Amino acid sequence: MTVSPSLPTPTLTTPRLQLRPFADSDADDLFALHSDAHVLRYWDSPPWHEPERAQRFLAGCRTLADNGTGARLAVDRAADGAFLGWCGLVEWDPTFRSASLGYCFGERSWGHGHATEAARALLGWAFDTLDLNRVQAEADTRNVASARVLEKLGFVREGTLREDCVVDGVVSDSWVYGLLRREWRP
Ligand SMILES: CC(C)(COP(=O)(O)OP(=O)(O)OC[C@H]1O[C@@H](n2cnc3c(N)ncnc32)[C@H](O)[C@@H]1OP(=O)(O)O)[C@@H](O)C(=O)NCCC(=O)NCCS
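So for the sequence shown, this note's numbering puts the first residue at 912; every next one is plus one.
Next comes the structure, spelled out in structure tokens:
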């Protein structure tokens, strides 16, 4: 039997942000973020209604690290430690040398380049540490801000996944984006 190595979630700093492993004490901030219907309007699942969902998310972060399949990092504002959101890489496949990027930030932090700054730090760590060749990301075709974040990071739009998601009965298409190691500009 092959046992995958664990993957310690890193702590990363950027000029304005600190990215760190989640702690149990993040549950309330996480629930506030993921229960906000406006923030989640292009997400691939409905907003949370039960606070226990935050505990499941935190358990999922621990499982990712324990199984060595990814890393989700809380993102704080460096100046005062305020929780802004999170970004993560999941589905790390050491054979394909690929992983999937995701992120979610509270509305008050939008429009300041935070998502791009955080994802850039995470990608830098991942390309250095995980010997990645490809990172994939998907975004609802209505989510212009997320598409812009991916394009600023150098991702290439590779196609459209038609009727990819059905959330509360609403059917939506997704763009699929890819970033290859040889295209990555730290
Ligand atoms: C998508 C999201 C991560 C963007 O975060 P952010 O910190 O505002 O992102 P940035 O500031 O780094 O970049 C956003 C870019 O989108 C642009 N933008 C935002 N809304 C836009 C709109 N309606 N039309 C065109 N451009 C738009 C901004 O101008 C900016 O581009 P610029 O730097 O060229 O001016 C954030 O809105 C979010 O977390 N949303 C909720 C969760 C989500 O949708 N996650 C992604 C799932 S795929």
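Yeah, the Cβ is synthetic: ideal placement off N, Cα and C, and Gly gets one too. All values reported here derive from a predicted model rather than from experimental measurement.
Extent of the continuous alpha helix (DSSP H) run through residue i
i	result
W1143	There is no way to answer for residue 1143, as the model of the chain reaches only from 912 to 1097.
L1091	Here L1091 belongs to no alpha helix (DSSP H); instead the beta strand (DSSP E) covers V1081 to L1091.
Rounded separation between residue i and residue j - CA only
i	j	result
H949	S956	13 Å
A1050	Q966	25 Å
D940	H960	14 Å
D1004	W1036	16 Å
L1064	L984	18 Å
F1016	S1057	11 Å
L995	W1095	25 Å
A982	A1030	12 Å
D1079	T925	37 Å
E1018	V1077	23 Å
Any non-hydrogen atom of ligand 1 within 7 Å of residue i CB
i	result
S1020	yes
T920	no
R1059	yes
N1054	yes
Y1088	no
H1023	yes
G981	no
W959	no
V950	yes
W1095	no
C1015	yes
A1050	yes
G996	yes
W954	yes
Residue environment, residue i, which counts as buried when at least 16 other CB atoms sit within 10 Å
i	result
M912	Here M912 scores only 46 on pLDDT, less than 50, and its place in the model is too uncertain to base an answer on.
H1023	exposed
G1070	exposed
D1084	exposed
D987	buried
V1060	buried
Limits of the beta strand (DSSP E) - the one that residue i falls within
i	result
E1049	R1045 to D1051
R983	A982 to R988
L1064	Careful: L1064 lies outside any beta strand (DSSP E) and carries neither H nor E.
E963	Where E963 is concerned, there is no enclosing beta strand (DSSP E), although the alpha helix (DSSP H) it sits in stretches over E963 to N978.
F942	Run containing F942: none in the beta strand (DSSP E); it sits in the alpha helix (DSSP H), A938 to H945.
P932	L928 to P932
R999	Residue 999 is actually Gly in this sequence, not Arg. Start and end: F994 to D1004.
G1017	Run containing G1017: none; DSSP gives neither H nor E here.
Contact test: residue i Cβ vs ligand 2 heavy atom, cutoff 7 Å
i	result
T1027	This structure simply doesn't include ligand 2; it includes ligand 1 instead.
Selection from the options that minimises the alpha carbon distance to residue i
i	options	result
P916	A982, S1020, A970 and A976	A976
E1062	G971, G999, T1027 and C998	T1027
S1011	L1033, F933, P962 and R1093	L1033
H1025	H945, Q929 and T920	Q929
A938	P919, A970 and V1067	A970
L1043	F1007, L1072 and R931	F1007
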